[in-house]
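Residue numbers (the numbering used here): 219 to 538. Here's the structure, in structure tokens; my notes come after.
Here it is as structure tokens:
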């Protein structure tokens, strides 16, 4: 069976009582002033869960779930889908809170007085993976491949991430063709602030290529429709990793946030292609402003540790 669980056709078949509970819960989240991004992610996770229930659990009412049904979903995600512990815990959180909402609603769900989902334990937090940095040479290698194979949407994502150092939820907000002419985009950033992200010649080129070949409608599109959450963009970054790994076996496992680290590091060490145009490396203060950090120390923390290079350099020892 395809790894895709949610489709519009399957969603039509999901039990009405399950869809109604989800809609009521999400409205309650909105009333509780949860952020739009959080509500959107909860909706995505719960639709995924309910489609799993449709396909693997005979579309039963989630109000009739026993503890074992929730455990089976956790097992499916861990063993069949092989997703990270963090992803499983994120899904379980959405499910627990939705079922907790039903438990607390004495009017609509008077008979639902025990929430077995609350007894499903999350998985242990996995060790933090080392930060991955990509060199300008690796970026160029990947970019040339995408151009050669006319993968313009992937190219567009690569260029915007590497031109701007923006976070993936900020890149998701690229929505119109005016971006190419302006060279910047005002986006909602972490913490609810609005800031500008800059787009340079590579982004402008790939955006034009993408716009010339994409279907009408949303800027970011999967084969199933508009990309409404960062999950789709994260999936495309995973595609980029697989491509680059095939081209360069030394490629570290990277995520969308790895580009933010790589941009900061390469602007600082003078290897980013923008440094060649400027004629020098960027100062740490300039980089801080570009990526909208509140302090220089935060920006430094995104770079490769320099302690060993400093100590070895004092004694004339070159690190291999």
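Glycine included, each C-beta is placed from N, C-alpha and C at the ideal position.
Candidates the options: closest to residue i by CA position
| i | options | result |
| --- | --- | --- |
| residue 305 | 478, 266, 351, 247 | 266 |
| residue 458 | 379, 506, 303 | 379 |
| residue 229 | 408, 262, 293, 284 | 262 |
| residue 393 | 485, 226, 434, 329 | 434 |
| residue 330 | 341, 317, 342 | 317 |
| residue 369 | 431, 241, 503, 250 | 431 |
| residue 488 | 319, 277, 499, 413 | 499 |
| residue 361 | 462, 338, 298 | 462 |
| residue 294 | 308, 274, 285 | 274 |
| residue 358 | 492, 315, 325, 410 | 492 |
| residue 235 | 277, 257, 254, 224 | 277 |
| residue 296 | 324, 341, 313 | 341 |
| residue 389 | 448, 227, 328, 494 | 448 |
| residue 540 | 348, 327, 313 | Past the boundaries of the shown model lies residue 540; the chain is included only from 219 to 538, so the question cannot be answered. |
Residue i - DSSP class collapsed to helix/strand/coil
| i | result |
| --- | --- |
| residue 465 | helix |
| residue 453 | helix |
| residue 389 | helix |
| residue 260 | helix |
| residue 440 | strand |
| residue 405 | strand |
| residue 416 | strand |
| residue 313 | helix |
| residue 336 | helix |
| residue 502 | helix |
| residue 287 | helix |
| residue 367 | coil |
| residue 515 | helix |
| residue 219 | Residue placement at residue 219 is flagged as unreliable, the pLDDT there being 42, under the threshold of 50; the coordinate-derived value follows with that caveat. Residue 219 falls in the coil class under three-state DSSP. |
| residue 473 | coil |
| residue 330 | coil |
| residue 295 | helix |
| residue 490 | coil |
| residue 252 | coil |
| residue 478 | helix |
| residue 209 | Beyond the ends of the chain as shown, which are 219 and 538, falls residue 209; an answer cannot be given. |
| residue 308 | helix |
| residue 301 | coil |
| residue 352 | coil |
| residue 445 | coil |
| residue 343 | coil |
| residue 435 | coil |
Cβ-based burial, residue i [other Cβ within 10 Å; buried from 16]
| i | result |
| --- | --- |
| residue 219 | Because residue 219 carries a pLDDT of 42, less than 50, the predicted location of this residue cannot be relied on, and the following value inherits that uncertainty. By the neighbour-count rule (16 or more Cβ atoms within 10 Å), residue 219 is not buried but exposed. |
| residue 514 | exposed |
| residue 386 | buried |
| residue 193 | Lying outside 219 to 538, the shown extent of the chain, residue 193 is not represented and no answer is given. |
| residue 483 | buried |
| residue 367 | exposed |
| residue 383 | buried |
| residue 480 | buried |
| residue 301 | exposed |
| residue 268 | buried |
| residue 442 | exposed |
| residue 412 | exposed |
| residue 381 | buried |
| residue 223 | buried |
| residue 445 | buried |
| residue 364 | buried |
CB-CB length for residue i against residue j, believed under 8 Å
| i | j | result |
| --- | --- | --- |
| residue 486 | residue 516 | Their Cβ separation, rounded to whole angstroms, is 13 Å, which puts residue 486 and residue 516 out of contact at 8 Å. |
| residue 270 | residue 288 | Not quite, the Cβ-Cβ distance comes to about 11 Å (not below 8 Å), so this is no contact. |
| residue 371 | residue 428 | 5 Å |
| residue 502 | residue 518 | 7 Å |
| residue 510 | residue 407 | 6 Å |
Original post:
Taking one C-beta from the stretch 323-337 and one from the stretch 464-472 each time, how about it: are there three or more such pairs within less than 8 Å?
Top reply: no
Subject >> Cβ pair count under 8 Å reaching 3, the stretch 422-430 against the stretch 369-377 >> reply: yes
**OP:** Examine the Cβ distances between the stretch 468-486 and the stretch 398-417 and report whether three or more of them are shorter than 8 Å.
**Re:** no
Original post:
Between the stretch 476-487 and the stretch 345-360, do three or more beta carbon pairs fall short of 8 Å?
Top reply: yes
Original post:
Between the stretch 437-447 and the stretch 275-290, are three or more C-beta pairs nearer than 8 Å?
Top reply: no
Original post:
Given 8 Å as the limit, is there contact between the stretch 440-454 and the stretch 400-419, that is, 3 or more CB pairs closer than that?
Top reply: no
Original post:
Taking one C-beta from the stretch 240-259 and one from the stretch 317-326 each time, how about it: are there three or more such pairs within less than 8 Å?
Top reply: yes
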